[in-house]
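What follows is a single structure, written as structure tokens, with notes after it.
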Amino acid sequence: EAGVTQSPTHLIKTRGQQATLRCSPISGHTSVYWYQQALGLGLQFLLWYDEGEERNRGNFPPRFSGRQFPNYSSELNVNALELEDSALYLCASSLGTEQFFGPGTRLTVL
Amino acid sequence: AQKITQTQPGMFVQEKEAVTLDCTYDTSDQSYGLFWYKQPSSGEMIFLIYQGSYDEQNATEGRYSLNFQKARKSANLVISASQLGDSAMYFCAMRDDYKLSFGAGTTVTVRA
């Protein structure tokens, strides 16, 4: 069974640009979670999607947004990139209790 | 709000020995779940073990076991017979309603 996949693996952008990160959950999982792991800040919850709807979001500005598609894959968009957005962005999928993570997208903002 | 505390920033362990990683938590909920994840240098978070607050037995998964002491609000991870491939960052996490709240992590380095 394929695990959670994320693309791209690495992404380099400059300040002010937009970044789009993609996530495909484990087959059959309907919930997708996004987390940010910035240096020195640990893992922070960003967004939760379930059955195509945004269910909750963490303490992040509105320029962090996303969506979930009918096949349960998800997209995270970060607008007006700032230097401090540089981080590893992890996606996780879940059907119940455990959350299974993908390999992450490492975003670097120059 | 729930809080996870991992007080050991880094640990060294000799190959084939056991290592215990500390985790304490704070919650007012009666029902909760505790998780341990491993994060190698590649970045992927690998699920290791889960303990439910109502589980009477300590969770065990292969070389991983969770020493759950509910009254002390601790959920320590024990890795037995350490291998070089166990070198990684280890995170304790608690399910906070819909999301996971993570501790700061402990870096484990296994020495040959």
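Respectively, the protein sequence lines represent chains C and U. Taking the numbering used here, the leading residue of the first sequence gets 20, the next gets one more, and so forth. Taking the numbering used here, the leading residue of the second sequence gets 497, the next gets one more, and so forth. A virtual CB, placed ideally from N, CA and C, is assigned to each residue, including glycine.
Please say whether residue 128 of chain C and residue 33 of chain C have beta carbons closer to each other than 8 Å?
yes
Rounded separation between residue 26 of chain C and residue 530 of chain U - CA only:
29 Å
For the pair the region 96 to 114 of chain C and the region 561 to 571 of chain U, tell me if three or more CB-CB distances fall below 8 Å.
no
Do residue 596 of chain U and residue 532 of chain U have their C-beta atoms closer together than 8 Å?
no
With 16 other Cβ atoms within 10 Å as the buried cut-off, status of residue 525 of chain U
exposed
Where does residue 58 of chain C sit, in a helix, a strand or coil, going by DSSP?
coil
For a test of the three-state rule: what should DSSP assign to residue 581 of chain U, helix, strand or coil?
helix
8 Å Cβ cutoff, residue 71 of chain C in contact with chain U:
no
Got a sec: is the Cβ-Cβ distance from residue 600 of chain U to anything in chain C below 8 Å?
Cβ-Cβ to chain C under 8 Å: yes for residue 600 of chain U.
CA-CA distance, residue 543 of chain U and residue 117 of chain C?
8 Å
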